[in-house]
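Right, one structure below, let's go through it.
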Amino acid sequence: MSLNNKDVSIDIEELFITYKKPIYQFVYRYCQDEQLCLDLVQDTFIRFQKYQKHFNEEKSSIKTYLFRMAYQLMINRLKRRSRLEKILPFLYVQAQQHTLAHEDKITVQSAILQLPDEQRAVILLTYYHDMTQKDISEVLDIPIGTVKSRLHTSLRKLKGLLEVRE
Numbered sequence: 001m002s003l004n005n006k007d008v009s010i011d012i013e014e015l016f017i018t019y020k021k022p023i024y025q026f027v028y029r030y031c032q033d034e035q036l037c038l039d040l041v042q043d044t045f046i047r048f049q050k051y052q053k054h055f056n057e058e059k060s061s062i063k064t065y066l067f068r069m070a071y072q073l074m075i076n077r078l079k080r081r082s083r084l085e086k087i088l089p090f091l092y093v094q095a096q097q098h099t100l101a102h103e104d105k106i107t108v109q110s111a112i113l114q115l116p117d118e119q120r121a122v123i124l125l126t127y128y129h130d131m132t133q134k135d136i137s138e139v140l141d142i143p144i145g146t147v148k149s150r151l152h153t154s155l156r157k158l159k160g161l162l163e164v165r166e
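One point on numbering: in the UniProt record's numbering, the residue at position 126 of the sequence shown is 126, and numbering is uninterrupted.
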């Protein structure tokens, strides 16, 4: 996919059509907040359009670049939300009560949600988005060895979580 200046609008539109759904699915599986996901997908493509001159096809694929951008935006937004929850906890009580009502029904997806953020990201990118360990290391900006250890640890934790509930 060429990203020279005269093809930018066509390429951005093509990229959006191709990657909006996979990025939305990744973010949704990670945070389970539909509105946040929609915002993050939109923000990812706006940010890409703004910083596309920094994209280097020789260093990574466009998919990896967009997923990394979405992941970084999501982490920043979740950190900001966490700070707000500490300041204004009464705004988040209703959402927490809704989550607690469904704790009895554990599924693979809900077990994944119980994993620490770093492990959850590796599982989602590996099994839901078929990324290689190399691509995951680029998206998360971590060494491949760390990807492997997080994958191993998270699979062990998932197995334990799912066995406990059976």
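Glycine included, each C-beta is placed from N, C-alpha and C at the ideal position.
Close-in-space but distant-in-sequence residues of the same chain around residue i (CB under 8 angstroms, 5 per side omitted)
i           : result
residue 124 : 26, 29, 30, 112
residue 152 : none
residue 34  : 28
residue 134 : 144
Residue i CB to nearest heavy atom of the ligand MG below 8 angstroms
i          : result
residue 77 : In the structure shown, the ligand MG is absent, as is every other ligand, since no ligand is present at all.
Closest by C-alpha distance to residue i, when choosing among the options
i           : options           : result
residue 44  : 59, 56, 12, 107   : 12
residue 110 : 144, 162, 35, 133 : 162
residue 120 : 62, 32, 15, 20    : 32
residue 36  : 77, 134, 133, 58  : 77
Rounded straight-line distance, which links the Cα of residue j to that of residue i
i           : j          : result
residue 41  : residue 65 : 13 angstroms
residue 156 : residue 53 : 41 angstroms
residue 17  : residue 46 : 14 angstroms
residue 160 : residue 21 : 31 angstroms
residue 136 : residue 14 : 23 angstroms
residue 129 : residue 79 : 24 angstroms
residue 55  : residue 62 : 8 angstroms
residue 150 : residue 75 : 18 angstroms
Residues near residue i in its chain [Cβ-Cβ closer than 6 angstroms; skip 5 each side]
i           : result
residue 138 : 60, 64
Outcome for residue i when other beta-carbon atoms lying within 10 angstroms are tallied against a minimum of 16
i           : result
residue 51  : exposed
residue 81  : exposed
residue 141 : exposed
residue 117 : exposed
residue 144 : exposed
residue 126 : buried
residue 147 : buried
residue 108 : exposed
Cβ-Cβ distance between residue i and residue j below 9 angstroms
i          : j           : result
residue 73 : residue 115 : no
residue 67 : residue 131 : yes
residue 38 : residue 24  : yes
Residues near residue i in its chain [Cβ-Cβ closer than 7 angstroms; skip 5 each side]
i          : result
residue 69 : 44, 47, 48
residue 71 : 121, 139, 140
Within-9 angstroms CB hit, residue i to chain C
i          : result
residue 29 : In the structure shown, chain C does not exist; there is a single protein chain.
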